[in-house]
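Input: a single structure, listed below in structure tokens.
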Amino acid sequence: MSTRHALREATAAAHERLHGLAPFRALAEGRIDAPAYIRLLRRLLGFHAAIEAALEAAPPLGAYGIDLAQRRRSGLLRQDLAHFGAAAEAPAAPVPDLGTAARALGALYVTEGSTLGGRQLARSLDHLLPAGGSAGRAFLLGHGAAHGAMWAACCAAIEAGGAEPGGLGGMVAGAKGTFAAFEAWFGTPEC
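Heads up: the sequence shown begins at 76 in our numbering, then just goes up one per residue.
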């Protein structure tokens, strides 16, 4: 079994619960309104800015071919908020400790994995935004044309890290901790 498949199995329940969270359900069903979408963008900004900082503070992932600067998406959230004329600020979410490269790769699995579903969700905003454009939905569109190559590089890094002693266990801990932090952040009252 590949490391990525093992991570998917280990985090399947948490991933499924996230689909049931009210703002994501409304987004997926194409019934989110502008104020709710702006609140969602701010919550996402609070989480992504915090997890990006935690990844930067973690042991470097360059040996695995990962350039974290290319993978930052908090700037895209700020762009989306600016499109709506909303303040591009949010309190930082509590995130897990990513003190090992394996834990950081587990967190990266979660954040990069979210780009897969984001592209589908972007289409559900056609009732709020001009169809086909990126304005207001840049975060959901993720890495754009580079998406396939970025995901392939992430998967290669995960497999390489999983081949190391304790790698899979560390990645599972990092992924589960990241999913738990995300779920808790979206379970708290709006800021």
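Backbone N, C-alpha and C fix where the C-beta goes; we use that ideal spot for every residue, glycine too. Everything numeric in this text was worked out from a predicted model, so none of it was measured.
If you keep only unbroken alpha helix (DSSP H) runs of at least 4 residues inside the region 174–211, you get 176–198. Between Arg212 and the set His218, Ala197, Pro205 and His222, the nearest pair of CA atoms involves Ala197.
In terms of Cα proximity to Ala206, the closest of Leu93, Met76, Leu191 and Gly105 is Gly105. Take the alpha-carbon of Gly140 and the one of Ala232: they are about 7 Å apart. Per DSSP, the unbroken alpha helix (DSSP H) holding Ser149 starts and ends at Ser149 to His158. Judged by DSSP in its simplified three-state form, Pro134 adopts coil rather than helix or strand. Look at Leu96 here: in three-state DSSP terms it is coil, with no helix or strand label.
Between the beta-carbon of Arg147 and that of Glu164 there is about 16 Å, and that puts the pair past the 8 Å contact cut. For His123, the number of other beta carbons within 10 angstroms of its own is at least 16, and it is reported as buried.
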